[in-house]
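Just so we're aligned, residue 7 is where the sequence shown starts under the numbering used here, counting upward by one. Glycine included, every Cβ here is placed at the ideal spot set by N, Cα and C. Predicted, not measured: the structure shown is a model, and the values here were computed from it. Written below as structure tokens is the structure these notes are about.
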Amino acid sequence: MKNLIMSAAIFAVVSFNTDAQQRNRGKDKVSPEQRAEMRAERLSDQLDLTEEQKSQIYEIHLERAKTMEEKRDRQREEMKERRAAMDLVRKEQQEEVENVLTLEQRQKWQEIRNEDRERMQKYRDARGSQHKMKDQNDKNIKGGQKLKRNRSNNL
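Written out as structure tokens, the structure is:
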């Protein structure tokens, strides 16, 4: 019985977490306390929990939410540090290259770099719109492949 309740709780949390992520994209950040309260409330409604069970589940979710928030914050900070380190290396490399080049070569190199930036921006812009189309095409293709497999199994 305990395993059944725990399985149901885990399933509810996972499905709720997925729904919450989709609903909260671009919205205000939800605190760990709010997140834990929402999950405990939802489980309470779905499983008809006692107040004691609801309180225990709230604490479990609160602990997890705080841990995950700390990890996300730490990862964001590490990413900023890595980007700063990479920018520094890139800047040093550019300075070294510029020291080797003549004035005319530096100007031409700057033009080439500007053209490369523009080309990359166009590529990113085009890829962004294609990415949306690709997602839809992937869904259509996968659906078609499943249909073909099902037909071949029936033959």
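Query raised in the report: What separation, rounded to the nearest whole angstrom, lies between the Cα atoms of Asn105 and Val95?
Result: Within the model, the alpha-carbon separation for Asn105 versus Val95 is close to 15 Å.
Query raised in the report: Does DSSP put Thr73 in a helix, a strand or coil?
Result: Here DSSP, grouped into helix, strand and coil, assigns Thr73 to helix.
Requested in this report: For Leu68, name the three-state secondary structure that DSSP assigns.
Outcome: Note: Leu68 maps to helix in three-state DSSP.
Query raised in the report: Does the beta-carbon distance from Tyr64 to Glu87 come in below 9 Å?
Result: Annotated as distal: Tyr64 and Glu87, with beta-carbon spacing of 9 Å or more.
Requested in this report: Go ahead and label Arg125 buried or exposed: buried means 16 or more other beta carbons lie within 10 angstroms of its beta carbon, across all protein chains shown.
Outcome: Looking at its Cβ environment, which holds fewer than 16 other Cβ atoms inside 10 Å, Arg125 is exposed.
Query - DSSP-derived helix/strand/coil call for Ser50 - result: Helix at Ser50.
Query - Neighbourhood of Lys115 by C-beta, 7 Å cutoff - its chain only, sequence neighbours within 5 removed - result: Note that residue 115 is Trp in the sequence shown here, rather than Lys. Cβ neighbours of Trp115 beyond the five flanking positions: Leu107.
Query raised in the report: Looking at C-alpha atoms only, which residue of Leu53, Gln62 and His67 is the closest neighbour of Gln40?
Result: Among Leu53, Gln62 and His67, the Cα nearest to that of Gln40 is on His67.
**Report entry** Anticipated Cβ contact below 8 Å, Lys60 with Ala71, distance rounded
**Finding:** By a beta-carbon distance limit of 8 Å, Lys60 does not contact Ala71. Their separation comes to about 16 Å.
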